[in-house]
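Residue numbers (our numbering): 2 to 177.
Worksheet for the structure shown next.
Structure below.
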């Protein structure tokens with residue numbers, strides 16, 4: 002078994018990660034609206050699960066009304082400014098978002114998004130590729146480790162109830 006340096010392992014992680022990213026991009030191009038639809042559904046379900054769908058709809062309606070008022074205000078300001086100076090004023094828009102509410106919604110949305118992705122073959126493929134990418138550094142180290150480390154990896158996974166990725170399974174099976 003060849004010994005790879007940390008730099009070499011990092012290099013191979015980046016190379017494999019790039020290939021996985023290309024596969025994700027290709028899958029996204031084959032199904033261009035799939036992830037957007039999943040994100041939209043998961044956000045709605047997250048809001049519903051949090052009991053905040055009605056207030057989100059109210060906020061959306063208020064934002065729509067405020068945008069109309071802001072547009073009217075900007076129009077009147079431009080006219081006013083134009084009358085005073087004879088020059089148009091550039092339109093300024095302000096947008097405020099509650100970052101804490103957004104964080105909670107995104108957290109729930111992420112969980113629901115994974116559930117929705119798991120319901121179709123295309124979604125399962127996205128999940129598998131993202132998991133391979135997330136676990137890639139461990140996979141590279143596992144591929145270049147001795148048998149004791151691989152045995153330990155299996156035992157820890159069994160104790161924790163973790164499942165190896167497809168690449169890790171292949172490494173653990175073919176390098177025994």
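From the three backbone atoms N, C-alpha and C, an ideal C-beta is built for every residue, glycine too.
CB contact flag (residue i, residue j, <8 Å)
i           : j           : result
residue 114 : residue 172 : no
residue 169 : residue 145 : no
residue 118 : residue 128 : yes
residue 35  : residue 123 : yes
residue 161 : residue 151 : no
Exposure label - residue i; buried when at least 16 CB within 10 Å
i           : result
residue 27  : exposed
residue 107 : exposed
residue 47  : buried
residue 110 : buried
residue 121 : exposed
residue 22  : exposed
residue 166 : buried
residue 97  : At residue 97 the pLDDT is 38, less than 50, meaning the model places this residue with poor confidence; the figure from the coordinates comes in the next sentence. Its Cβ having fewer than 16 others within 10 Å, residue 97 is exposed.
Where residue i falls: helix, strand or coil (DSSP)
i           : result
residue 136 : coil
residue 164 : coil
residue 131 : helix
residue 51  : coil
residue 120 : coil
residue 42  : helix
residue 32  : coil
residue 147 : coil
residue 6   : coil
Closest Cα partner of residue i within the set the options
i           : options          : result
residue 11  : 145, 4, 138      : 138
residue 148 : 57, 56, 33, 174  : 174
residue 103 : 63, 153, 45, 66  : 45
residue 31  : 154, 153, 126    : 126
residue 50  : 112, 17, 153, 65 : 112
residue 178 : 62, 105, 153     : Lying before the first or after the last residue shown, residue 178 is absent from the chain, which here runs from 2 to 177.
Residue-chain proximity (residue i, chain B), Cβ-Cβ < 8 Å
i          : result
residue 67 : Annotation note: the requested chain B is absent from the structure, which comprises a single protein chain.
query = Okay, do the stretch 125-140 and the stretch 70-78 touch, 3+ Cβ pairs below 8 Å being the bar?
reply = Not touching, per the Cβ criterion.
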